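Structure first, then comments.
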Amino acid sequence: MGYLNQLYVILYFISGIAVFSFFNSDSPKTKDKNLIFIMVSLGANLCTIPVALFIGVMATDSPYSTVLDFWGGFLFIQGIPLLLLLVALIWWFIQKVKGKIDT
1 MGYLNQLYVI LYFISGIAVF SFFNSDSPKT KDKNLIFIMV SLGANLCTIP VALFIGVMAT
61 DSPYSTVLDF WGGFLFIQGI PLLLLLVALI WWFIQKVKGK IDT
């Protein structure tokens with residue numbers, strides 16, 4: 001029973017961080033640094049982690065499944081939010097470089 005309580009604590013922790021990052025994306029400090037897109041994509045990423053872990057674990061239910069089946073199920077759900085976060089980071093770095101060139 002203690003193991004299940006640890007899992008729920010981790011799930012609530014991840015959910016809390018996701019909600020915090022969504023609300024934090026509207027702060028003036030985040031707007032000044034152009035981090036809104038990164039914070040929203042990070043929040044979406046954190047919201048999909050529990051579902052992706054569940055699908056990954058269900059993909060390894062068969063006794064003949066391997067670790068690759070877990071990663072296939074995990075990335076099936078987590079792929080789009082990870083790509084969104086990657087695009088946000090690349091866009092932020094490009095904007096940062098353009099800002100340094102102008103000044």
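Using the UniProt record's numbering, the first residue of the sequence shown is number 1, and each one after it goes up by one.
C-beta: ideal position from N, C-alpha, C; glycine also.
Keep in mind it's a predicted model, so treat the numbers as computed, not measured.
From what residue to what residue does the alpha helix (DSSP H) around residue i run?
i          : result
residue 48 : 36 to 59
My understanding is that residue i touches residue j, with C-beta atoms under 8 Å, so please give their C-beta distance in whole angstroms.
i          : j          : result
residue 13 : residue 40 : Actually they are not in contact, since the Cβ atoms of residue 13 and residue 40 sit about 20 Å apart, beyond 8 Å.
residue 99 : residue 74 : Not really, about 36 Å apart at Cβ, beyond 8 Å.
Between residue i and residue j, is the Cβ-Cβ spacing less than 8 Å?
i          : j          : result
residue 92 : residue 17 : no
residue 85 : residue 35 : no
residue 77 : residue 52 : yes
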